[in-house]
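Asks: Once you've had a glance at the structure underneath, I'll fire off some questions.
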Amino acid sequence: MHGFIYDAPHDEIVVMSALAQAVLTFRGGANGEEPPVRVIQGPHTQIQGTPYGANAIVTVDPVNGEIYVPVVPNVILVFDRTANGDAAPKRILKGGPIDVSGQTGLSVDPVHNLLVVNARGAMYIFDRTASGDDQPKAVIRGPKSGMGNVHEFQVTSKGWLIAGGGDFAAGTGFVGAWSINDNGDVPPHWKIPVQQLTGYVPYSIVVDPVHQEMMMAAAGRSNKIRPSNGIMNTVLTFSWPEIF
Amino acid sequence: MRMGRIRLGKQGRRLLAGIAGLALGLFGLSLMQRSWRGSARLVSIQEMPEVGDSCYRPSEDSRPNSSPEHRLFTAFEPTTVHAQDNIGGVDLTRPPVRNIWDTAPTFSSVGVDAVRNEVYLQDSNRWSIRVFSRLDNAKPGDPPTEPRRVISGPASDVQFNSCVWVDPGSGEIYSVENDTGDSIVVFPNKATGDPEPLRKLKVTHRAQSMTIDDATGELFLSVQYPPQVVVYSKTASGNDKPVRLIEGPKTHFSDVHGIAIDTRNKLLYVTNWGNVSDYKVAGSGRFEPPSISVYPTTADGDTAPLRTIQGPKTQLDWPGAMSVDADTGDLYVANDVDQSIIVFHRTDQGDVAPARVIKGPKTHLSYPAGVFVDSKNKEVWASNLGNSSATVYPVMANGDVAPRRIIRGAEENKRSLRFGKTEALAYDSKREQILVPN
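Respectively, the protein sequence lines represent chains G and L.
Each residue of the first sequence is one higher than the last, beginning at 1 in this note's numbering.
Each residue of the second sequence is one higher than the last, beginning at 1001 in this note's numbering.
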């Protein structure tokens, strides 16, 4: 499973069922073989993936009550949070040069009303309600930015965009903080050189504002990018008060 | 000026009450609308950290909604946040405060070499193949079982290893790679350490399980998605093409996992998890109940199953690996989430209950993902994801039976994290729990 998110205000877990073209919503306290409370699936949904990546990613804006799903061919579908069954998206954003697929990383910042899209080493910052052919307000990319390809990343309420970056093959993988006001080839304002410190490279990132911590899921990436301690799967927690 | 007292009649009082009610309603509606429209709103409150005299300054950014100052609740106003101009790229070389990991191996698959009396366990947590004596048995109080050999390391290319197979004739060890490596690697029987593979065969993405038909020398490979069964020569390597490819809507394949061959009766068995979609068609996804579908071993192209085992009586629940008892034709299934080994007869079909079910606390089964029938020694093995162990039972075992022997990769009563690939993450702030999908 590559994509899921916890919706705190509604105490729900939203999961992308990658091989069945479905968005599943569970109770926050779900346990065992408990069925979802809602399932978005069917021809009107327009959910479609690729043979390699299927449909891996979903994210939720719990404040505005919307679910975002990146799909082929190159669009981001937006559903109402309470959609159930064969529901059509309420809004569609075309990806333009992004080449959106089922594995494109997404995050919504409801505080600043932004939709952030990660693809091919770039962060595209849109207005949250962008649709159709709307263009991004800014694009962070370039060698100085170190921006990587990440499935899950977050924007803090202070406007810090927390995501993985760096050259994993070269051993310089990090988790960085960019500003939502950044544009162009801008280096992160802070970065934790996680690969140098731990041997792990980031797959997904979440933040905990209450405890001012960042959590990072890491797994062996490939035969060449693997932690030297031989333990391939881990979740690491870092203290990071600067971004909160 | 003298202020007089105004006396309102009944009608006047009603009018005043109505106006007051309307005012209250409008005010409340305004609050509600503000909370449901797109403007910034309170989503969290945190105590500000002590940061000394630092103040945010407006940048040269000409975007609208810039604010010249920041206060505690500035983040909740419709203004953008500006990074401190003097921060630059600061490296924070602080180690993690906590880590969650499992240091023990996680046994995802089991293979047995009855000729050499060895058991091969696929460890997907530490990317290794661990070889034990078939007769190893960790008694209560014993330390973890010491493997005879361990194959692991970058040269070996063992990664995301989901299935292991040992050729009874040559003793060669086959390992399937389920994710980024997209390959099958083959080692000589006595391989140990970090050797380069004898052969490496490039296969399609999401290869899951394999079996070899000793009679024909063919290797059958199950692929989760797009669902298919690919047949190679067992000596294939590099970019060698398959000799047959079974795929298409008539197959009823759906998120294919386990695979097994009945060599004597020339039957191919496949487990399906029921997640269906055609990646070429938007919105074509659906869920079906899990099933076992049966084909002739010579199947090719879009072949319908000879029969299907499916339905609530079957007890199928994330059915993983399968293995056939060559003597009886019985089909053994590692029934992962049900924490059982279930057995069907060769001719079973439809909504049929298993002939035997190994399940219960005495069995020591814990999320068994792998199963292997050693027909020579009349035993059935399970590899347990949930407790870093492999357990073996008499081939006719039924019910809550204790294993004959246990191979342990960790201490007694181990509860594994069952991390398969920690690629996603969520934080439940209400319960202060970290959610990690497998």
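All C-beta atoms, glycine included, are put in the ideal place defined by N, C-alpha and C.
On a predicted model such as this, the values are computed, not experimentally measured, just so you know.
1. Thinking C-beta only, is Tyr1367 of chain L closer than 7 Å to Asp1336 of chain L?
2. For Val1436 of chain L, which of helix, strand or coil comes out of DSSP?
3. With burial defined as no fewer than 16 other Cβ atoms inside 10 Å of the residue's Cβ, what is the status of Ser1379 of chain L: buried or exposed?
4. Can you list, in chain order, the residues of its chain with a C-beta nearer than 8 Å to that of Glu1247 of chain L? Leave out the 5 residues immediately preceding and following it.
5. So, for Gly132 of chain G: in the same chain, excluding its five sequence neighbours on each side, which residues have a beta-carbon less than 8 Å away from its beta-carbon?
6. Can you grab the Cα-Cα spacing for the pair His1197 of chain L / Ala1155 of chain L, in whole Å?
7. How many Å lie between Gln1033 of chain L and Leu114 of chain G at the Cα?
8. By how many angstroms is the C-alpha of Asn118 of chain G removed from the C-alpha of Thr1363 of chain L?
9. Have a look at the DSSP bridge pairing and note the partners of Asn118 of chain G.
10. For chain G, check one thing: does any of its Cβ atoms lie closer than 7 Å to the Cβ of Leu1385 of chain L?
11. Threshold first: 3 residues or longer. Then list the beta strand (DSSP E) segments lying entirely within the segment 11-76 of chain G, N to C.
12. Applying the 10 Å Cβ sphere with the 16-neighbour rule, what's the burial state of Val1115 of chain L?
13. Give the C-beta separation of Ser1284 of chain L and Ser1291 of chain L to the nearest angstrom, bearing in mind that I take them to be a contact with Cβ-Cβ under 8 Å.
14. Just to check my reading of the structure: Ala18 of chain G and His2 of chain G have Cβ atoms closer than 8 Å, yes? What is that Cβ distance to the nearest angstrom?
15. Pair every Cβ in the segment 60-78 of chain G with every Cβ in the segment 95-111 of chain G, then say whether three or more of these pairs are closer than 8 Å.
16. Measure from the alpha carbon of Asn229 of chain G to the alpha carbon of each residue in L:Gln1122, L:Glu1411, L:Ser1128, L:Gly1409, then state which is nearest.
17. Buried or exposed, going by whether 16 or more other CB atoms sit within 10 Å of the CB of Val1090 of chain L?
18. Taking a contact to mean a Cβ-Cβ separation below 7 Å, would you say Ser1293 of chain L touches Pro1305 of chain L in this structure?
19. Which residues of the segment 31-53 of chain G have a Cβ closer than 8 Å to any Cβ of chain L? Give them in chain order.
20. Measuring straight from C-alpha to C-alpha, what distance separates Phe238 of chain G and Ala130 of chain G?
21. Would you say Phe4 of chain G and Ala1326 of chain L are within 7 Å of each other, going by their C-beta atoms?
22. Against Ser1429 of chain L, what residues of chain G qualify as contacts under a CB-to-CB distance less than 9 Å, listed in chain order?
23. Would you verify that the beta carbon of Ile1309 of chain L is, or is not, closer than 7 Å to some beta carbon of chain G?
24. According to DSSP, is Gln196 of chain G part of a helix, a strand, or is it coil?
25. Between Ala22 of chain G and chain C, is there a C-beta pair that is closer than 7 Å?
26. Taking only three categories from DSSP, how would you classify Glu1423 of chain L?
27. Counting only the same chain and skipping the five closest in sequence on each side, list residues whose C-beta sits under 7 Å from that of Leu1029 of chain L.
28. Under the three-state reduction of DSSP, which class applies to Ile1151 of chain L: helix, strand or coil?
29. Helix, strand or coil, according to DSSP, for Lys137 of chain G in the structure here?
30. What residues of chain L sit near Glu152 of chain G, judged by a beta carbon separation below 8 Å?
31. Could you tell me whether the Cβ atoms of Ser1323 of chain L and Ala1397 of chain L are closer together than 7 Å?
Replies: Let's see:
1. Taking the second sequence and counting its residues from 1, one reaches residue 1336 of chain L at position 336. Taking the second sequence and counting its residues from 1, one reaches residue 1367 of chain L at position 367. Closer than 7 Å, so yes.
2. The count along the second sequence starts at 1 and reaches residue 1436 of chain L at position 436. Assignment of Val1436 of chain L by DSSP, reduced to helix, strand and coil, places it in the coil class.
3. Within the second sequence, numbered from 1, the residue matching residue 1379 of chain L stands at position 379. Residue 1379 of chain L is actually Glu in this sequence, not Ser. Glu1379 of chain L comes out buried.
4. Stepping through the second sequence from its first residue, residue 1247 of chain L is reached at position 247. Within the same chain, Glu1247 of chain L has close Cβ partners Pro1226, Pro1227, Gln1228, Val1229, Phe1253, Gly1301, Asp1302.
5. Position 132 of the first sequence, counting from 1, holds the residue named residue 132 of chain G. Contacts found: Ile92, Leu93, Lys94.
6. For the purposes of this step, residue 1197 of chain L is taken as residue 197 along the second sequence, with counting starting at 1. For the purposes of this step, residue 1155 of chain L is taken as residue 155 along the second sequence, with counting starting at 1. According to the sequence displayed, residue 1197 of chain L carries Pro and not His. Cα to Cα, the separation comes out at about 8 Å.
7. In the second sequence, counting from the first residue as 1, residue 1033 of chain L sits at position 33. In the first sequence, counting from the first residue as 1, residue 114 of chain G sits at position 114. Per-residue confidence for Gln1033 of chain L stands at a pLDDT of 42, beneath the threshold of 50, marking its modelled position as unreliable; no derived number is given.
8. Position 363 of the second sequence, counted from the first residue, corresponds to residue 1363 of chain L. Position 118 of the first sequence, counted from the first residue, corresponds to residue 118 of chain G. Thr1363 of chain L and Asn118 of chain G: Cα-Cα distance of roughly 47 Å.
9. The residue you call residue 118 of chain G lines up with position 118 of the first sequence. The partner list for Asn118 of chain G (beta bridge, DSSP) reads G:Gly105, G:Met123.
10. Working through the second sequence from its first residue, we reach residue 1385 of chain L at position 385. Closer than 7 Å: no.
11. 12-17, 22-27, 38-40, 59-61, 66-71
12. The residue given as residue 1115 of chain L occupies position 115 in the second sequence. It is exposed - the Cβ of Val1115 of chain L has fewer than 16 other Cβ atoms within 10 Å.
13. The residue labelled residue 1284 of chain L in the question sits at position 284 within the second sequence. The residue labelled residue 1291 of chain L in the question sits at position 291 within the second sequence. No, Ser1284 of chain L and Ser1291 of chain L are not in contact; Cβ-Cβ is about 19 Å, not under 8 Å.
14. Position 18 of the first sequence holds residue 18 of chain G. Position 2 of the first sequence holds residue 2 of chain G. Yes, they are in contact, since the Cβ atoms of Ala18 of chain G and His2 of chain G sit about 7 Å apart, within 8 Å.
15. yes
16. On the first sequence, position 229 is the one that residue 229 of chain G refers to. Asn229 of chain G has its Cα closest to that of L:Ser1128, out of L:Gln1122, L:Glu1411, L:Ser1128, L:Gly1409.
17. Taking the second sequence and counting its residues from 1, one reaches residue 1090 of chain L at position 90. Result: exposed.
18. Counted from its first residue, the second sequence places residue 1293 of chain L at position 293. Counted from its first residue, the second sequence places residue 1305 of chain L at position 305. The answer is yes: Cβ separation under 7 Å.
19. For the segment 31-53 of chain G, which is checked against every Cβ of chain L, the residues closer than 8 Å are Glu33, Gln41, Gly42, Pro43, His44, Thr45, Gln46, Ile47, Gln48, Gly49, Thr50, Pro51, Tyr52.
20. Working through the first sequence from its first residue, we reach residue 238 of chain G at position 238. Working through the first sequence from its first residue, we reach residue 130 of chain G at position 130. Cα-Cα distance, rounded: 33 Å.
21. As a working note, residue 4 of chain G is residue 4 in the first sequence. As a working note, residue 1326 of chain L is residue 326 in the second sequence. No, they are not a contact pair.
22. Translated into the one-based positions of the second sequence, residue 1429 of chain L becomes position 429. By Cβ distance, chain G contributes Tyr6, Ala8, Asp208, Pro209, Val210.
23. Taking the second sequence and counting its residues from 1, the one referred to as residue 1309 of chain L is at position 309. Judged by the 7 Å Cβ criterion, Ile1309 of chain L is not in contact with chain G.
24. Position 196 of the first sequence holds residue 196 of chain G. For Gln196 of chain G, the secondary structure class from DSSP, reduced to helix, strand or coil, is helix.
25. The question asks about chain C, but that chain is absent: this structure's protein chains are G and L.
26. Residue numbering aside, residue 1423 of chain L sits at position 423 when the second sequence is read from its first letter. Three-state result, Glu1423 of chain L: coil.
27. Position 29 of the second sequence, counted from the first residue, corresponds to residue 1029 of chain L. At Leu1029 of chain L the pLDDT is 45, less than 50, meaning the model places this residue with poor confidence and gives no usable figure here.
28. Taking the second sequence and counting its residues from 1, one reaches residue 1151 of chain L at position 151. Strand, per DSSP.
29. As a working mapping, residue 137 of chain G is identified with position 137 in the first sequence. Note: Lys137 of chain G maps to coil in three-state DSSP.
30. Reading the first sequence from its first residue, position 152 is the one you call residue 152 of chain G. Near Glu152 of chain G (Cβ distances below 8 Å), the residues of chain L are Ala1424, Leu1425.
31. Locating residue 1323 of chain L in the second sequence gives position 323, where the first residue counts as 1. Locating residue 1397 of chain L in the second sequence gives position 397, where the first residue counts as 1. Contact: no.
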